[in-house]
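*Asks:*
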Amino acid sequence: MHLHSLELFGFKSFADKTTFDFHAGITAIVGPNGCGKSNVLDAVRWVLGEQSAKSLRGDEMADVIFNGTDTRKPVGFAEVSLTLSDCATDLAVDWHDVRVTRRVYRDGNSEYLLNKTPCRLRDIQNLFADTGVARAAYSMMEQGKIDMVLSSRPEDRRAVFEEAAGITKYKTQKREALRKLEATEANLLRIGDVIKEVKRQIGSLQRQAGKARRYQALHTDLRVLDTQHSRKQLDSLEAELARCHAEIARLGESEEANRAKIDMGENELAEQRAVLDKIDRQIADGRTELQRLQSEIGTHQNRIQFNRQHAEELTELIERCKKDIAAAETKRAQHGKEIDQANALIEKTSQLLQAKEGELAKVTDLIAEFRAERSGHEAKLEALRLSGSKNEKRIAELEDEISGLAIRRDATEENRRDLDDAISGARVKSNVR
Ligand code: ATP
Ligand code: MG
């Protein structure tokens, strides 16, 4: 059996899928501190079923999943696959290669696969038992483990040697067989108790069995008697049935006759119902008519009442009118007298009016004469106004002329004074000479 390869994906510092092929002759992996050498061993232990997160240098199982760097995001799950070749004999299986895979998710769920088929951890442990290939086996010694083995208790050291000697599997089987033996002994004890209890119950069960047997014999007698009784009852019932059949036949005939009578009765009933419906309709019509007449009577009575009141009011009105007529007669007689007086006055006034109209005609003629005269005067006045305005114009011209002459006169006067002054000056000069 050879370690063939190890595939890591998302496990600790191996973010990308990394495959280690262990060719013949590879004896070591070397690298600087912190490059991930121990992570490779952790991966081998983990894929073989390591359950302790602490021994994988973490706090919980999900810590084995690559949890990112400054430049890279964390991944969702870690997967490691270990392939062993040439293992048909060592592992007593039919396959040449065995590939063990373990996967863990962030929620802590783990799954195992054996040659890509899902399986239990126990299947993997059973497969590698006594081969030295197991998470706690001597074939994997991490840093400091050799020291620990050498300085540990003899019992712990013995476990390593037992594993190497290939007896661990038998010891496990022995432990399992002893456990089963203990369980069987416990079962035997329980069975002894059960037997004691059953023996105690046998007496009462025997009494119950005697009772049951007696019950069965009596029950058989009862069935025989019951059968005979039933036979007799059957005979009497059959006779009764025959009587009933005859009665049914007779009743059938009378039923026919009664049915025909019922049909006839129903026909008659239908006719009577039709007549009754007609009468009902007439009654309903009569009721409607009655209601109509009653409401008409009510209307007429109201009108009579109203007319009575109206008649009383009219009688009162007639009384009042008669009184008014009497008063009006008196007034009319008085007005007749007043009219006569007025007529006499009108007669007198019309005579006066005629006289006044004659006067008016004269005055009108006079007015016409005056009007003609006035229009003559007005024409003259207009002519006078025209000549007046002409005269005013002439006066204004003359006044302009006068003022021009006055100016000229003043100028001439000035001239004359100058000449006088010149003359008197000349005279004074001549006198002096
Ligand atoms: P040494 O020679 O000192 O023993 P080593 O080569 O054995 O070192 P490991 O201990 O295998 O190195 O690897 C440690 C490296 O793995 C550290 O750089 C650590 O940051 C990284 N590492 C561990 N767990 C994770 C994880 N879950 N995600 C990312 N990186 C991780
Ligand atoms: Mg290391």
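My numbering puts the first residue of the sequence shown at 2, with every later residue one more than the last.
Even for Gly, the Cβ is constructed at its ideal location relative to N, Cα and C.
1. When DSSP labels each residue in this structure, what does Phe-15 get in the three-state scheme?
2. Below 8 Å on the Cβ atoms is my guess for Thr-169 versus Ala-130; work out the distance and round it to an integer in Å.
3. Restricting to Cα atoms, I'd like to know which of Leu-57, Ser-6, Val-81 and Gly-50 is closest to Ala-16.
4. Which of the three DSSP states is assigned to Asp-87 in this structure?
5. Which residue or residues does DSSP assign as beta-bridge partners of His-1?
6. Is the segment 184-200 touching the segment 151-162, taking contact as three or more C-beta pairs under 8 Å?
7. Near Asp-87, which residues of its chain fall below 7 Å by C-beta distance, leaving aside the five closest residues on each side in sequence?
8. For Met-62, is the classification buried or exposed, using 16 other Cβ atoms within 10 angstroms of its Cβ as the cut-off for buried?
9. Count the other C-beta atoms from every protein chain shown that fall within 10 angstroms of the C-beta of Ala-29, then say buried if there are 16 or more, exposed otherwise.
10. Roughly how many whole angstroms lie between the Cα atoms of Gln-310 and Arg-304?
11. Put Ser-6 into one of helix, strand or coil per three-state DSSP.
12. Assuming Val-48 and Val-101 make a contact with CB atoms under 8 Å, what is their CB distance in whole Å?
13. Could you give the distance in angstroms between the alpha-carbon of Phe-12 and the alpha-carbon of Phe-162?
14. Just list the residues that DSSP pairs Arg-104 with in beta bridges.
15. Which residues neighbour the ligand MG when neighbourhood means a C-beta less than 6 Å away from any of its non-hydrogen atoms? List them by chain order.
16. Can you list, in chain order, the residues of its chain with a C-beta nearer than 7 Å to that of Gly-69? Leave out the 5 residues immediately preceding and following it.
17. Does Ile-319 pass the burial test, meaning 16 or more other C-beta atoms within 10 Å, or should it be called exposed?
18. Whole angstroms are fine: how far does the CA of Cys-322 sit from the CA of Thr-350?
19. Looking only at C-alpha atoms, which of Ser-56, Leu-57, Ala-44 and Ser-14 sits nearest to Cys-36?
20. Could you check what DSSP says for Gly-98 in three-state terms: helix, strand or coil?
21. Have a look at Glu-257 and Thr-289 and give me their C-alpha separation to the nearest angstrom.
22. Using the three-state DSSP reduction, which class does Thr-72 fall into: helix, strand or coil?
23. Per DSSP, Cys-120 forms a beta bridge with which residues?
24. If Leu-115 and Asp-108 are in contact, beta carbons under 8 Å, what's the gap, nearest whole angstrom?
25. CA-CA distance, Leu-242 and Leu-235?
26. Would you identify the three-state DSSP class for Ile-168, choosing helix, strand or coil?
*Replies:* In terms of the structure at hand:
1. Residue state, collapsed to three classes: strand.
2. That belief holds up - the Cβ atoms of Thr-169 and Ala-130 are roughly 6 Å apart, short of 8 Å.
3. Of all alpha-carbon atoms in Leu-57, Ser-6, Val-81 and Gly-50, the one lying nearest the alpha-carbon of Ala-16 is that of Val-81.
4. Three-state result, Asp-87: coil.
5. The question about residue 1 has no answer here: the residues shown for the chain are numbered 2 through 434.
6. Not touching, per the Cβ criterion.
7. If we look at Asp-87 and ignore the five residues flanking it on each side, its Cβ neighbours are Met-2, His-3 and His-97.
8. By the Cβ neighbour-count rule, Met-62 is buried, with 16 or more other Cβ atoms within 10 Å of its own.
9. Answer is exposed; the Cβ neighbour count stays below 16.
10. Taking the straight line joining both Cα atoms gives about 10 Å.
11. DSSP places Ser-6 in the strand class (E or B) of the three-state scheme.
12. Distance from Val-48 to Val-101 at the Cβ level is roughly 6 Å; contact confirmed, criterion being Cβ atoms closer than 8 Å.
13. Roughly 31 Å separates the two Cα atoms.
14. Beta-bridge pairing links Arg-104 to Glu-80 and Glu-112.
15. Ordered along the chain, residues surrounding the ligand MG are Lys-38, Ser-39 and Gln-144 [Cβ under 6 Å from any heavy atom].
16. Closer than 7 Å at Cβ, skipping near neighbours: Pro-75.
17. Around the beta-carbon of Ile-319, fewer than 16 other beta-carbon atoms lie within 10 Å, marking it exposed.
18. Thr-350 and Cys-322 have their alpha carbons spaced roughly 39 Å apart.
19. Of Ser-56, Leu-57, Ala-44 and Ser-14, the smallest CA-CA separation from Cys-36 is found for Ser-14.
20. The sequence given here places Asp at residue 98; Gly does not occur at that position. Reduced to three states, the DSSP call for Asp-98 is coil.
21. Within the model, the alpha-carbon separation for Glu-257 versus Thr-289 is close to 47 Å.
22. Three-state result, Thr-72: coil.
23. Partner(s): Tyr-113.
24. A Cβ-Cβ separation of about 23 Å leaves Leu-115 out of contact with Asp-108 under the 8 Å criterion.
25. Just so you know, the alpha carbons of Leu-242 and Leu-235 end up roughly 10 Å apart.
26. In the three-state reduction of the DSSP assignment, Ile-168 falls in the coil class.
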